[in-house]
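Enquirer: I have a structure here, written as structure tokens, and I will follow up with some questions on it.
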Amino acid sequence: MSILRFLSRLSMSGKLALVVFLLYIFVAVFANLLSLHSTYEPSTKALQPPDRTHWLGSDDLGIDLWAQLVQGTRTSLLIGLGTACLAGLGGALLGMLSGYKGGWLDRLIMRLADAALALPSLPIMIVCGAFFGPSLFNILLILSLFTWMTPARLIRAKALALKEEPYVWLSRSYGASLWHIITHHFLSSLTPLMLVSCIRLVNHAVIAEASLSYLGLGDPLSRSWGLILHHAVQFKSIYYTPFWKWWVISPLAALLLFVLSLALLTRELEKKSDFVRE
1 MSILRFLSRL SMSGKLALVV FLLYIFVAVF ANLLSLHSTY EPSTKALQPP DRTHWLGSDD
61 LGIDLWAQLV QGTRTSLLIG LGTACLAGLG GALLGMLSGY KGGWLDRLIM RLADAALALP
121 SLPIMIVCGA FFGPSLFNIL LILSLFTWMT PARLIRAKAL ALKEEPYVWL SRSYGASLWH
181 IITHHFLSSL TPLMLVSCIR LVNHAVIAEA SLSYLGLGDP LSRSWGLILH HAVQFKSIYY
241 TPFWKWWVIS PLAALLLFVL SLALLTRELE KKSDFVRE
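Just so you know, the sequence shown maps onto residues 1 to 278 in my numbering.
Here you go:
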């Protein structure tokens, strides 16, 4: 199904969700151009309310919150898209190998997936984040290690059905290699399902990164929505002052709007069952 045909069949909520998601990508790409203030050096007085120069005010150090928010958008999307690439594509490849080859390889991959799914992911991610240190690379690696299982299982289930198709049997009878079958037969049928899985992973990764940063396990040298919230709640009596109105609400609203847009977009893709089947 063509992209234009799919877009024309989106509901109004789906179209709005797609526009919001593309807006976040735009902000992440052009983050340095969308704010003239530094995210590390004070540019005004501490706890400055929003005004025409500082749209979201400043924190307790006088650092512009709008600058932190747009840089946080870049960081969150890097984590989300990076996890989707590593865990989504890696899990999809393992799922295709597991479903197509079967035998001991299938049992090994599925037992590893079952074991990983049985573990409490968030507590282990917290322990790993504290042990390996707070860096974006470590967070990306930890999230990928604990999120590849779901796309692997979904893709495996579809691959088990695809390998019984006549055209796949014909390719195998002519001596087609595993790489040829995956690239020419599996990918065309599995790409929509992989897309849905990757969007889910982006959503999960952004929430998990915000959770780790909120707990103080994020990279202190970067800016993310969770880290802004972490610094805000560390301020004494934040909720007894008017400062929470711009210091807490802005990163929380950015996170909630992003999560909601991806949730609606994923629901639209799942509702278009022909999109997932094709």
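Backbone N, C-alpha and C fix where the C-beta goes; we use that ideal spot for every residue, glycine too.
What does DSSP give as the partner residue(s) for S58 in the beta ladder?
Expert: DSSP lists D64 as partners of S58.
Enquirer: Around the C-beta of I181, are 16 or more other C-beta atoms found within 10 angstroms, so that it is buried, or is it exposed?
Expert: Result: buried.
Enquirer: Can you have a look at R277 and say buried or exposed, based on whether 16 or more other CB atoms are within 10 angstroms of its CB?
Expert: The pLDDT assigned to R277 is 46, lower than 50, so where the model puts this residue is not dependable; a value taken from the coordinates is nonetheless given after this. Classification for R277: exposed.
Enquirer: DSSP state of Y100, grouped into three classes?
Expert: DSSP places Y100 in helix when its eight states are reduced to three.
Enquirer: Between the Cα of G218 and those of P192, L262 and L136, spot the shortest distance and give me the residue it belongs to.
Expert: Here the closest residue by C-alpha is L136.
Enquirer: Does DSSP put Y214 in a helix, a strand or coil?
Expert: Correct three-state label for Y214: helix.
Enquirer: If you compare alpha carbons, which of V70, L65 and A208 is closest to F26?
Expert: Ranking the options by Cα distance to F26, first place goes to V70.
Enquirer: Report the three-state DSSP secondary structure of D51 (helix, strand or coil).
Expert: Reduced to three states, the DSSP call for D51 is coil.
Enquirer: Would you report the Cα separation of I249 and L229, rounded to the nearest angstrom?
Expert: Cα to Cα, the separation comes out at about 9 Å.
Enquirer: Rounded to a whole number of angstroms, what is the C-alpha to C-alpha distance between F30 and A130?
Expert: Answer to the nearest angstrom: the Cα atoms are 32 Å apart.
Enquirer: To which residues of the same chain is K236 closer than 6 Å at the C-beta, ignoring the five residues directly before and after it?
Expert: No residues qualify anywhere along the chain.
Enquirer: Quick check on the DSSP output: what are the complete alpha helix (DSSP H) runs of length 4 or more inside the stretch 163–189, in order along the chain?
Expert: You should have 166–173 and 178–181.
Enquirer: S121: which of A161, N32 and A208 sits nearest, CA to CA?
Expert: For S121, the nearest C-alpha among the options comes from A208.
Enquirer: Just to confirm, is the Cβ distance from A67 to S98 under 8 Å?
Expert: Result no, Cβ atoms of A67 and S98 do not sit closer than 8 Å.
Enquirer: Below 8 Å on the Cβ atoms is my contact criterion, and I expect Y214 with G226 to pass it. Report the Cβ-Cβ distance as a whole number of Å.
Expert: Right, the Cβ-Cβ distance comes to about 4 Å (below 8 Å), so this counts as a contact.
Enquirer: What is the rounded straight-line gap between the Cα of L308 and the Cα of L212?
Expert: As shown, the chain starts at 1 and ends at 278. That puts residue 308 outside it, with no answer to give.
Enquirer: Near M149, which residues of its chain fall below 6 Å by C-beta distance, leaving aside the five closest residues on each side in sequence?
Expert: Within the same chain, M149 has close Cβ partners A113, A116 and L117.
Enquirer: Helix, strand or coil, according to DSSP, for P134 in the structure here?
Expert: Of the three classes helix, strand and coil, the one that applies to P134 here is coil, per DSSP.
Enquirer: Using 8 Å as the threshold, is the C-beta distance between L143 and T83 below it?
Expert: Result yes, Cβ atoms of L143 and T83 sit closer than 8 Å.
Enquirer: Taking 8 Å as the threshold, find out whether the stretch 194–207 comes into contact with the stretch 51–63 through three or more Cβ pairs.
Expert: Judged by Cβ distances under 8 Å, the stretch 194–207 makes no contact with the stretch 51–63, as fewer than three pairs qualify.
Enquirer: Which value, in whole angstroms, describes the spacing of the CA atoms of E270 and G133?
Expert: So the two alpha carbons sit approximately 37 Å from each other.
Enquirer: Would K158 be called buried (16 or more neighbouring beta carbons within 10 Å of its own) or exposed?
Expert: Classification of K158: buried, given that the 10 Å Cβ count is 16 or more.
Enquirer: With distances taken Cα to Cα, identify the nearest neighbour of H185 among L160, N203, S197 and F258.
Expert: Ranking L160, N203, S197 and F258 by Cα distance to H185 puts L160 first.
Enquirer: Would you kindly check if the distance between the Cβ of S76 and the Cβ of P151 is under 8 Å?
Expert: Cβ distance not < 8 Å, so P151 and S76 don't count as in contact.
Enquirer: Inspect the beta-carbon positions of L170 and G95 and report whether they are closer than 8 Å.
Expert: Contact: no.
Enquirer: Between the alpha carbons of P50 and L187, how many angstroms are there, rounded?
Expert: For P50 and L187, the distance between alpha carbons rounds to 49 Å.
Enquirer: Taking only the alpha-carbon atoms, compute the straight-line gap between T266 and I109 and give it to the nearest angstrom.
Expert: Between T266 and I109, the C-alpha separation is close to 26 Å.
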